[in-house]
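Heads up: the sequence lines are chains A and B, in that order. Position 18 of the first sequence, counting from 1, maps to 18 under this note's numbering, and the rest follow consecutively. Position 22 of the second sequence, counting from 1, maps to 1022 under this note's numbering, and the rest follow consecutively. All C-beta atoms in this analysis are idealised placements derived from N, C-alpha and C, irrespective of residue type, glycine included. Note that the coordinates shown come from a computational prediction; the quantities given were computed from them, not determined experimentally.
Protein chains: 2
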Amino acid sequence: MITNMEKIKTLLKEKGIKPTFQRLKILEYLSNNLNNHPTVEMVYEKLLNDIPTLSLTTVYNTLNNFLEKRLVFGVTITGTEVRYDFNTDYHHHFLCKKCGQIIDIDLKCAYAEGEKSIISGHRIDEIHGYFKGICKACSKNVGKKPKSRSSS
Amino acid sequence: MITNMEKIKTLLKEKGIKPTFQRLKILEYLSNNLNNHPTVEMVYEKLLNDIPTLSLTTVYNTLNNFLEKRLVFGVTITGTEVRYDFNTDYHHHFLCKKCGQIIDIDLKCAYAEGEKSIISGHRIDEIHGYFKGICKACSKNVGKKPKSRSSS
DNA sequence: TTCTACCTTGTAATGATTGTAATATTAGAA
DNA sequence: TTCTAATATTACAATCATTACAAGGTAGAA
Chain A
1 MITNMEKIKT
11 LLKEKGIKPT
21 FQRLKILEYL
31 SNNLNNHPTV
41 EMVYEKLLND
51 IPTLSLTTVY
61 NTLNNFLEKR
71 LVFGVTITGT
81 EVRYDFNTDY
91 HHHFLCKKCG
101 QIIDIDLKCA
111 YAEGEKSIIS
121 GHRIDEIHGY
131 FKGICKACSK
141 NVGKKPKSRS
151 SS
Chain B
1001 MITNMEKIKT
1011 LLKEKGIKPT
1021 FQRLKILEYL
1031 SNNLNNHPTV
1041 EMVYEKLLND
1051 IPTLSLTTVY
1061 NTLNNFLEKR
1071 LVFGVTITGT
1081 EVRYDFNTDY
1091 HHHFLCKKCG
1101 QIIDIDLKCA
1111 YAEGEKSIIS
1121 GHRIDEIHGY
1131 FKGICKACSK
1141 NVGKKPKSRS
1151 SS
């Protein structure tokens, strides 16, 4: 874990971001939660244990800073809040409208290769592929006899 | 235009939505503004001329109703508000981060055919392809000697 | 140490959206 | 037509994510 923290520190320095304690912890949290796609609130609540003086504003500022420097990727698939993704490799996202889970989708669209492409003359800097529906797990419980389901 | 209004009315009835005056006008507005991708506020402000008693809540209710019945498509590319698209044919969107314009992108990803597909076992109901960058028009003015630019 | 630049913090403000309760309108029964 | 029940519309309050702002804290340079 100490080695990991050193990697995080290097990442910040490479992007010209001063590696303060708050920033290190926030980026570390994101790097350890690749599948969560955490919200600002999730980052804040969790880190409050480590940093009791942490301010929500700091989390917002820091994450916006990371976004600008392209250290993290913002996922707005829910439409209500930004989810943060430490994995900036090209990939898409799926939102289950039943359980709310956000799942990584690895598929290649021809247009997305290189990520810095041109479409219809427009320069593309970011590609967001959002798929919405019912996830595999939730699909299994649909249309079956409801034995002990809490919701209708 | 009267013929168009009749088409709008039929559309609503087909979806089981009672074609009230407000609903007709809202859907008509969207059908006449395919390239705008209007916000709730835009719909409201514009229709206030025709319907001075119109309530913002009604616009929200109506558009949510249309969304549920899949009469319109919600575009959340800006991350700050929902834009409404009367064109529910499969297509993607591009957001220019300079001028804020939202432009339709017509390209086919193999995975999107049929729109009701399965990816990694998840049932896909909606596909949103969001591309962000600098549009063709804005690209031309970047890197050139700034002659009379208002912003820095 | 003192100064300066940048970070962090708390609180207030904003803006989009939803909740709620009262009023209005409509469709169908009598 | 008149009454009634269901549904729509409206106005206003409340909520939630996010940003603005001002004040206090910290680290490194001089």
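Stretch pair the region 42–53 of chain A + the region 67–74 of chain A: three plus CB contacts closer than 8 Å
no
Three-state secondary structure (DSSP) of Y1130 of chain B:
strand
Less than 8 Å between the beta carbons of Y29 of chain A and K46 of chain A, yes or no?
Yes, the pair counts as a contact, with Cβ atoms nearer than the cut-off.
If the cut is a Cβ gap below 7 Å, which residues of chain B does G121 of chain A touch?
Ordered by position in chain B, the residues that pass the 7 Å Cβ test against G121 of chain A are K1136.
With 16 other CB atoms within 10 Å as the buried threshold, where does D1085 of chain B fall?
buried
Let's see if you can read the secondary structure: which residues bound the beta strand (DSSP E) around Y1084 of chain B?
R1083 to D1085
Can you find the residues in the same chain that come closer than 7 Å, C-beta to C-beta, to Q1101 of chain B, ignoring five residues on each side of it along the sequence?
C1135
Bounding residues of the alpha helix (DSSP H) (the contiguous stretch that carries C138 of chain A)
K136 to K140
For T76 of chain A, go through chain B and note every residue whose CB falls closer than 7 Å to its CB, in chain order.
T1076 and G1079
Got a sec, what are the start and stop residues for the beta strand (DSSP E) V75 of chain A sits in?
Following the DSSP letters along the chain, one finds V75 of chain A inside the beta strand (DSSP E) bounded by residues F73 to V75.
On the DSSP letters alone, give me the boundaries of the beta strand (DSSP E) that Y48 of chain A sits inside.
In the sequence as displayed, the identity of residue 48 of chain A is Leu instead of Tyr. Unbroken run through L48 of chain A: none, as it is neither H nor E.
Strictly under 8 Å for the Cβ-Cβ distance: is V1082 of chain B near chain A by that measure?
Cβ-Cβ to chain A under 8 Å: yes for V1082 of chain B.
For chain A, check one thing: does any of its Cβ atoms lie closer than 8 Å to the Cβ of K1018 of chain B?
Among the CB atoms of chain A, none fall inside 8 Å of the CB of K1018 of chain B.
Contacting residues, own chain, Cβ-Cβ under 7 Å from K1013 of chain B (five flanking each side not counted)
P1019
Give the residues of chain A in contact with S1139 of chain B, contact being defined as C-beta atoms less than 8 Å apart.
G121, H122 and R123
DSSP-derived helix/strand/coil call for I1124 of chain B
strand
How would you write the range of the beta strand (DSSP E) that L1095 of chain B sits in, first residue to last?
H1092 to C1096
For D997 of chain B, which residues of its own chain have a beta-carbon under 6 Å away from its beta-carbon, when the five flanking residues on both sides are left out?
For residue 997 of chain B there is no data in the structure shown, the boundaries of chain B being 1001 and 1152.
To the nearest whole angstrom, what separates the beta carbons of T1076 of chain B and V1082 of chain B, a pair I think is in contact under 8 Å?
6 Å
M1001 of chain B versus V1043 of chain B: straight-line alpha-carbon distance, rounded
Residue placement at M1001 of chain B is flagged as unreliable, the pLDDT there being 48, under the threshold of 50; the coordinate-derived value follows with that caveat. Their Cα atoms are separated by approximately 19 Å.
For T39 of chain A, which residues does DSSP report across the bridge?
The partner list for T39 of chain A (beta bridge, DSSP) reads A:R83.
Assuming contact is defined by CB atoms lying nearer than 8 Å, are G1133 of chain B and K1097 of chain B in contact in what I supplied?
yes
Going by DSSP, name the residue or residues bridged to D104 of chain A.
A:H93.
E1068 of chain B: contacting residues in chain A (beta-carbon distance under 7 Å):
Those do not exist, as E1068 of chain B stays about 12 Å from chain A at its closest Cβ, beyond 7 Å.
Going by DSSP, name the residue or residues bridged to I1017 of chain B.
BP columns for I1017 of chain B are empty, so no partner.
Option in B:N1065, B:G1121, B:H1093 and B:I1118 with minimal Cα separation from K1108 of chain B
B:H1093
Against K132 of chain A, what residues of chain B qualify as contacts under a CB-to-CB distance less than 9 Å, listed in chain order?
Against chain B, a Cβ distance below 9 Å from K132 of chain A picks out I1124, D1125, E1126, I1127 and H1128.
Take the Cβ of F1066 of chain B as the centre, count every other Cβ of all protein chains shown within 10 Å, and call the residue buried at 16 or more, exposed below.
buried
Rounded to the nearest angstrom, what separates C1138 of chain B and N141 of chain A at their Cα positions?
49 Å
What does I1119 of chain B pair with, by DSSP beta-bridge criteria?
B:H1122, per the DSSP bridge assignment.
Under 8 Å between C-beta atoms, does I102 of chain A make it to chain B?
no
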